[in-house]
Structure formats: C-alpha cells, structure tokens
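Every position in the sequence shown, counted from 1, becomes a number in our numbering once 15 is added.
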Amino acid sequence: MSAKPLYVLFFNIMLVTLAWAAFTCETVESPNTVGQYNSIFSGSDGNQHISFQDTTNLDLRYCEGKTGSWACQTVDSNNNMGQWSSITYHSDGNLHITHRDATNLDLRYCEGSYGNFACNTIESPNTVGQYNSIFFRF
16 MSAKPLYVLF
26 FNIMLVTLAW
36 AAFTCETVES
46 PNTVGQYNSI
56 FSGSDGNQHI
66 SFQDTTNLDL
76 RYCEGKTGSW
86 ACQTVDSNNN
96 MGQWSSITYH
106 SDGNLHITHR
116 DATNLDLRYC
126 EGSYGNFACN
136 TIESPNTVGQ
146 YNSIFFRF
C-alpha cells in the first residue's frame, strides 16, 4: 500500500508535503503578504490547486502546480476580496471558488480555469460569506 501525501498550507503560502515522515517545504508565492484564508485540493492531474487572500492588495488569488513549478493569478480584485476562500473541482472541468467580499459583506462565487475566471455575487443581504465551504457530490 503506497502512502498518499499530506499537504499543509501556511500563511505566506508555503506548501509542506508529508509522505511517510519525510517533509518537503517550498514557498509557492511570496511577494506581498499572501496566504490568508487559504484552501487547497489535489487534482487528478497531479497538481495542487490553492485559493487564498493576498492581504496586501486585498485580492482573491489562485495558484496551481506541483513542487518546483507554480503559476499564480489574481481571480477577484474588486474591493476586499478573498476572505474565507474555499476551492474545489467539478467534473465539468472547471475550478469553483467561493469567498467573501469583506467590503460589501457578500458571498462571491468564481468559476473557470487558470487565466479565465468569472466571478459573481451569489448572496448579499446582511452579513454573509463567513466560514463558507464549497463541495460537489459526484
């Protein structure tokens, strides 16, 4: 039986990979203050997919890749975006991210792939979006 790696994220987006008691650490993204409100999942393509808030610019960011090879982009940047992000993948081939717009206290939803995300407010009355989570049942 082979061990599955365990991935752990820290503030400042450092990925720690644990496989059988051997640790591998690397910085995924480091300019600015990044990594707050992060979420991660392992794709069937072997890549890790990470959503998080860039707290310097108050943007929702997304990174994908694997050890030594990462690509990162801003997904949503209007107002104070990216709080309490949650990311998943659906069999439709798209990534799905929910997060909180902390300026308007709205729940936001982004769908797409690297370089091509569309984001919308899906719930806005009162104070919504804290501690959200997204999941698809296959």
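Glycine included, C-beta positions come from ideal geometry on N, C-alpha and C.
Everything numeric in this text was worked out from a predicted model, so none of it was measured.
Is residue i helix, strand or coil when you go by DSSP?
| i | result |
| --- | --- |
| Q145 | coil |
| V43 | coil |
| S92 | coil |
| S84 | strand |
| T71 | coil |
Compare the Cα-Cα distances from residue i to each of the options and report the closest residue.
| i | options | result |
| --- | --- | --- |
| N62 | W85, V49, N53, N94 | W85 |
| T103 | G130, Y146, S139, S54 | S54 |
| T48 | H114, F56, R76 | R76 |
| N135 | Q88, C125, D60, V143 | C125 |
| H105 | L120, F56, G50, P46 | F56 |
| I65 | T71, N94, Q145, Q88 | Q88 |
| P46 | N94, T71, S59 | T71 |
Taking its Cβ as the centre, do 16 or more other Cβ atoms sit within 10 Å of residue i, making it buried, or is it exposed?
| i | result |
| --- | --- |
| C40 | exposed |
| D107 | exposed |
| G83 | exposed |
| N147 | buried |
| N50 | Reading off the sequence shown, one finds Gly at residue 50, where the question assumed Asn. Burial call: buried. |
| R115 | buried |
| D60 | exposed |
Kindly list the residues whose CB is nearer than 7 Å to the CB of residue i, restricted to its own chain and excluding five residues on each side of it in sequence; keep chain order.
| i | result |
| --- | --- |
| Y52 | F67, Q68, G97, Q98, W99, S100 |
| M16 | Here the model assigns M16 a pLDDT of 45, short of 50, so the residue's position is not dependable, and the following value carries that caveat. Cβ within range, chain order: n/a, list empty. |
Enumerate in chain order the residues of its own chain whose CB-to-CB distance from residue i is below 6 Å, with the five nearest sequence positions on each side excluded.
| i | result |
| --- | --- |
| S92 | D74 |
| F132 | V90, C125 |
For chain C, is any of its Cβ atoms less than 9 Å away from the one on residue i?
| i | result |
| --- | --- |
| E79 | No chain C appears in the structure shown, which is made up of a single protein chain. |
Taking 8 Å as the cut-off, does the CB of residue i come closer than this to any heavy atom belonging to the ligand ADP?
| i | result |
| --- | --- |
| S54 | The ligand ADP is absent from the structure shown, which contains no ligand whatsoever. |
Going by DSSP, which residues form a beta bridge with residue i?
| i | result |
| --- | --- |
| R115 | Q98, L122 |
| H64 | F56, E79 |
| G127 | L110, F132 |
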